[in-house]
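Chains as they are written, first to last, in the working numbering: chain F, 620 to 943; chain A, 4 to 174; chain E, 1213 to 1312.
One structure is given below, encoded as structure tokens.
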């Protein structure tokens, strides 16, 4: 019983934290992009606009909930839920600290990939169910994009798995303990730099964020797959996007930056700091880079990232074989 | 507890499979199949095959069914397969009878009286001690190394075949 | 513990449903999905046998079945797209390519 209680407590804590972080990420993103583009960003609701997410939430809740007349009702209603659930259950295996992980499973990394690969259904079904050409095009684009980039995403972490010899995320973090020559931390980002770059690029594409935000390219597709959505259902897509962003940052931290490892500060703080750096990087990219053209996107994924990921796997295998 | 979970997953899988055959719109068929696949993943976990369960969801739900949905959307098969559904009564009855026979035969064969052959060495405790992934990996890369390498040939052939078929014109 | 025959019975049922799907449906895509269902039914009995015979070979076989299924889907869907391009339909009754 104690075990069950502790687990439920952990789940509640993690879910609460993630949802709060999602709400304030919207504020932070608007502030950061505002600063980069020399504007103020939200500044009216509360000090520094700190109450903006709450105001936004209230606004979205009270908006009219429209279901288009020709939409496929069931699929239209199901799609937002399908897109947010995978985004939240990823956190079940992410280790926030040495003993602060909801559950450490033997196939943790595969679990994360299996679950995140389901996110595409929400987008595809939203595109199909809306019965609108913009939404359908957005859905088609995103399914092609996400399936393509999932390949390089999966291959980019093979090197990490080979170095740790385990799929469990806790084991992967433990394998990055200590340092080289007393100064360089033993993080995977140094020996696996190529894998790290590929992981960042393809997870950015998986998140459908700029510069890979083709599925919702507002200048060509109005808003892509969520064109027809309003009110809380629209908000759910946004929450899914931000929750996925946190999950991707947490994964990058766990796999390449040594997770909770770090001197002086308590482990959970280290973990959150590293996650924050990645979140900031994602915002920075969005504020800086223009969108890819569709054929460039596909060409980049298949002709650059995928071969690079394969080279990384071969190199890692060769080095491990020679030195181990 | 195990029975409860088995019944939940089993009934969902069975109902979703039946739904897949009965649904007229291909997209609903695909959704039913996805549900059945998820329930099956749950059954794999009940059978302590965690690695298989994760790979199953990853490959089937994450890749294969997305491809199906993509093709359904690409061909835009919205209204009842585009052509009036003309079910052939002979075909349907033959199919049902065949399936009934098959089911009866299988059910007779797999009743509680079933006798198992000699047991292997990988009982629950042994697998748990080394870890499911490690145990399967060891067998896969030792005893089944040649077949494993050969599957890559199948995948390569499929990749080339799909590209040639899907290309509109060959130069 | 849930006995082996329960899993085998479920697997047999799923397989039979797949057979009905292949025999009665006319949409090539749904026929394809039924074939996937049959492959999965077989996978289920492989894993169940692996568990009850204390041997992991069944789980390894499931890997091979999945590989073949993935290859089959890639080629099969390409064929369906090619047929749709020529015949504007995926109804298997209306495609008579082999009839001359």
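All C-beta atoms, glycine included, are put in the ideal place defined by N, C-alpha and C.
Source: prediction; values computed, not measured.
Cβ distance (whole Å) where residue i is taken to contact residue j below 8 Å
i, j, result
"residue 865 of chain F", "residue 637 of chain F", "6 Å"
"residue 1235 of chain E", "residue 98 of chain A", "3 Å"
"residue 1287 of chain E", "residue 161 of chain A", "5 Å"
"residue 72 of chain A", "residue 42 of chain A", "At roughly 19 Å, the Cβ-Cβ gap does not stay under 8 Å, so residue 72 of chain A and residue 42 of chain A are not in contact."
"residue 908 of chain F", "residue 829 of chain F", "6 Å"
"residue 30 of chain A", "residue 747 of chain F", "6 Å"
"residue 776 of chain F", "residue 814 of chain F", "7 Å"
"residue 1290 of chain E", "residue 66 of chain A", "The pair is not a contact, with the Cβ atoms about 15 Å apart (cut-off 8 Å)."
"residue 1231 of chain E", "residue 105 of chain A", "6 Å"
"residue 786 of chain F", "residue 729 of chain F", "6 Å"
"residue 843 of chain F", "residue 906 of chain F", "Between residue 906 of chain F and residue 843 of chain F the Cβ distance is about 20 Å, and since that is not below 8 Å, they are no contact."
"residue 664 of chain F", "residue 899 of chain F", "Actually they do not touch by this definition, with Cβ atoms about 23 Å apart."
Neighbourhood of residue i by C-beta distance below 6 Å, restricted to the same chain and skipping five residues each side
i, result
"residue 135 of chain A", "53, 54"
"residue 1220 of chain E", "1257"
"residue 1261 of chain E", "1270"
"residue 646 of chain F", "671, 672"
"residue 45 of chain A", "12"
"residue 668 of chain F", "661, 662"
Contacting residues, own chain, Cβ-Cβ under 7 Å from residue i (five flanking each side not counted)
i, result
"residue 823 of chain F", "831, 901, 904"
"residue 20 of chain A", "39"
"residue 74 of chain A", "none"
"residue 858 of chain F", "641, 703"
"residue 85 of chain A", "Its pLDDT being 46, under 50, residue 85 of chain A is placed unreliably in this model, and the value from its coordinates should be taken loosely. There are no such residues."
"residue 737 of chain F", "705"
"residue 649 of chain F", "660, 661"
"residue 934 of chain F", "none"
Neighbourhood of residue i by C-beta, 8 Å cutoff - its chain only, sequence neighbours within 5 removed
i, result
"residue 1254 of chain E", "1223, 1227, 1277"
"residue 1197 of chain E", "Within the shown structure, residues of chain E are numbered from 1213 to 1312, placing residue 1197 of chain E beyond reach of any answer."
"residue 779 of chain F", "791, 807, 811, 814, 874, 875"
"residue 887 of chain F", "715, 716, 719, 879"
Distance between residue j and residue i (C-alpha atoms, nearest Å)
i, j, result
"residue 35 of chain A", "residue 892 of chain F", "42 Å"
"residue 133 of chain A", "residue 1272 of chain E", "16 Å"
"residue 1244 of chain E", "residue 95 of chain A", "17 Å"
"residue 718 of chain F", "residue 897 of chain F", "23 Å"
"residue 12 of chain A", "residue 676 of chain F", "37 Å"
"residue 734 of chain F", "residue 93 of chain A", "43 Å"
"residue 1299 of chain E", "residue 78 of chain A", "12 Å"
"residue 656 of chain F", "residue 845 of chain F", "26 Å"
"residue 659 of chain F", "residue 642 of chain F", "19 Å"
"residue 16 of chain A", "residue 821 of chain F", "34 Å"
"residue 715 of chain F", "residue 76 of chain A", "40 Å"
"residue 923 of chain F", "residue 1268 of chain E", "38 Å"
"residue 7 of chain A", "residue 141 of chain A", "33 Å"
"residue 1214 of chain E", "residue 119 of chain A", "15 Å"
"residue 885 of chain F", "residue 796 of chain F", "15 Å"
"residue 157 of chain A", "residue 693 of chain F", "39 Å"
"residue 51 of chain A", "residue 1282 of chain E", "24 Å"
"residue 159 of chain A", "residue 107 of chain A", "39 Å"
"residue 25 of chain A", "residue 847 of chain F", "30 Å"
"residue 1250 of chain E", "residue 631 of chain F", "40 Å"
"residue 1217 of chain E", "residue 127 of chain A", "19 Å"
"residue 882 of chain F", "residue 872 of chain F", "16 Å"
"residue 711 of chain F", "residue 151 of chain A", "32 Å"
"residue 678 of chain F", "residue 684 of chain F", "12 Å"
"residue 1237 of chain E", "residue 686 of chain F", "32 Å"
"residue 770 of chain F", "residue 925 of chain F", "7 Å"
"residue 784 of chain F", "residue 164 of chain A", "35 Å"
"residue 166 of chain A", "residue 625 of chain F", "52 Å"
Subject >> Stretch-stretch touch, CB-based, cutoff 8 Å, three pairs: the stretch 715-727 of chain F with the stretch 754-769 of chain F >> reply: The answer is no - the stretch 754-769 of chain F does not touch the stretch 715-727 of chain F, with fewer than three Cβ pairs under 8 Å.
Original post:
Would you say the stretch 847-856 of chain F touches the stretch 698-712 of chain F, given that touching needs at least three Cβ pairs under 8 Å?
Top reply: yes
**OP:** May I ask you to verify whether the stretch 795-812 of chain F touches the stretch 868-885 of chain F, counting CB pairs closer than 8 Å and requiring at least 3?
**Re:** yes
**OP:** Identify every run of the beta strand (DSSP E) within the stretch 91-158 of chain A, keeping only runs that are complete inside it and at least 3 residues long; order them along the chain.
**Re:** none
Original post:
Can at least three beta-carbon pairs, one atom from the stretch 915-922 of chain F and one from the stretch 144-159 of chain A, be found at a separation below 8 Å?
Top reply: no
Subject >> Cβ contact (3+ pairs, closer than 8 Å) linking the stretch 736-743 of chain F and the stretch 699-716 of chain F >> reply: yes
**OP:** Please determine if the stretch 880-892 of chain F and the stretch 923-932 of chain F are in contact, where contact requires at least 3 C-beta pairs separated by less than 8 Å.
**Re:** Contact between the stretch 880-892 of chain F and the stretch 923-932 of chain F is absent, because fewer than three Cβ pairs lie under 8 Å.
**OP:** Note down, one range per segment and in chain order, each alpha helix (DSSP H) of at least 4 residues found wholly within the stretch 826-900 of chain F.
**Re:** 837-840, 850-875
Original post:
Mind pulling the beta strand (DSSP E) runs of 3 or more residues that sit fully within the stretch 669-719 of chain F?
Top reply: You should have found no qualifying run.
Subject >> Secondary structure, alpha helix (DSSP H): runs of 4+ residues fully inside the stretch 729-777 of chain F >> reply: Within the stretch 729-777 of chain F, the complete alpha helix (DSSP H) segments at least 4 residues long are 738-748, 752-775, listed from N- to C-terminus.
Original post:
Residue ranges of each beta strand (DSSP E) run of no fewer than 3 residues wholly in the stretch 1273-1298 of chain E, ordered along the chain?
Top reply: For secondary structure counted as the beta strand (DSSP E) over 3 or more consecutive residues, the stretch 1273-1298 of chain E holds no complete run.
Subject >> 4 or more residues per run - each alpha helix (DSSP H) lying fully within the stretch 39-80 of chain A >> reply: 53-59, 68-78
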